[in-house]
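Participant: Here the UniProt record's numbering is used: the first residue of the sequence shown is 1, the next is one more, and so on.
Heads up, the beta-carbon is just placed ideally off N, CA and C, and yes, glycines get one too.
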Amino acid sequence: MKDGYWLGKDHPEVYLGEKQALNEDYTHSGFDRGHLNPNGHHAVPSRNATFTLTNVVPQNPKLNQNAWRIHESQLTDLFRSKCSRAYVLVGAVPSENNWIIKNNVKRVNIPDYLWNAYCCVDNNDRPIQSGAATARNTEDNWVEKLSLDGLVEFLQQFSNQPVGELFYNNCMA
């Protein structure tokens, strides 16, 4: 694995790999590059932007290729069939001390949980449906569907600050 590389002569002060994940970090790690913002939620030209490492977390392959993939696909179908527009929040709950390690260096934190939330609106920008989900990043291969309030409660257990409202007016659908 390369330990990183300089961006180039135009930006000699920028050294990639010191603080950013690299493709090499995922090679033989046992984890998939799990999209936070799924490429399937986007049309072909814009979906290319979802393949950056800033949109990726180490995801258990069993979860990524099964239950979470099915969940993302169900959301895609919902967004296409019922929503004029969908507002989506995504995230991961970092682990305390679980890392992809390369050359004895902690490179990429392996999150304990993945989560997402959505607010689906009609042509008049009125909320018509909302929901959320969490999944433990393990081989358990299970997605728990929640209300937005349920997700706020879930996230609150990992924060010492109030989580607050996820969408305007809590997406009163």
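Which partner residues of E144 appear in the DSSP bridge assignment?
Facilitator: Looking at the DSSP assignment, E144 forms a beta bridge with T134.
Participant: Leaving out five residues on either side along the sequence, give the residues of the same chain with a beta carbon under 6 Å from the beta carbon of R85.
Facilitator: Correct list, in chain order: V121.
Participant: Near Q157, which residues of its chain fall below 6 Å by C-beta distance, leaving aside the five closest residues on each side in sequence?
Facilitator: Cβ neighbours of Q157 beyond the five flanking positions: none.
Participant: So, P111 versus N137, is the Cβ gap smaller than 7 Å?
Facilitator: Yes. Within cutoff.
Participant: Run through the DSSP bridge pairs and tell me what Y168 is partnered with.
Facilitator: Answer by DSSP bridge pairing: none, since Y168 is not bridged.
Participant: For N170, collect the residues of the same chain with a Cβ closer than 7 Å to its Cβ; drop the 5 residues on either side in sequence, then sort them by chain order.
Facilitator: The answer, listed in chain order, is L148.
Participant: Does P61 come out as helix, strand or coil in the three-state DSSP assignment?
Facilitator: Three-state DSSP puts P61 in a helix.
Participant: Compute the beta-carbon to beta-carbon distance between W115 and G150, rounded to the nearest angstrom, for a pair I have assumed lies under 8 Å.
Facilitator: No, W115 and G150 are not in contact; Cβ-Cβ is about 11 Å, not under 8 Å.
Participant: With distances taken Cα to Cα, identify the nearest neighbour of W99 among P162, P58 and V152.
Facilitator: The residue with the shortest Cα to Cα distance from W99 is P58.
Participant: Between I101 and V143, what straight-line distance do the alpha-carbon atoms span, to the nearest angstrom?
Facilitator: Going from the Cα of I101 to the Cα of V143 covers about 27 Å.
Participant: List the whole-angstrom C-beta distance separating R47 from N39, where the pair is believed to meet the contact cut-off of C-beta under 8 Å.
Facilitator: Between N39 and R47 the Cβ distance is about 4 Å, and since that is below 8 Å, they are a contact.
Participant: Do you know offhand how far K161's Cα is from N109's?
Facilitator: According to the sequence provided, residue 161 is Gln. The question's Lys does not apply to it. Rounded to whole angstroms, Q161 to N109 spans 22 Å at the Cα level.
Participant: Would you list the residues sitting across from L114 in a DSSP beta bridge?
Facilitator: According to DSSP, L114 bridges with A92 and A135.
Participant: Do you know how far the Cα of C119 is from the Cα of L89?
Facilitator: Rounded to the nearest angstrom, the two C-alpha atoms are 9 Å apart.
Participant: Label F31 either buried or exposed according to how many other C-beta atoms from any shown protein chain fall within 10 Å of its C-beta, with 16 as the threshold for buried.
Facilitator: The residue is buried, with at least 16 neighbouring Cβ atoms inside 10 Å.
Participant: Could you give the C-beta distance for L166 and F154, rounded to a whole number, given that I count them as a contact under 8 Å?
Facilitator: 11 Å between Cβ atoms; not a contact.
Participant: From the DSSP secondary-structure annotation, give me the bridge partner or partners of Y87.
Facilitator: C119.
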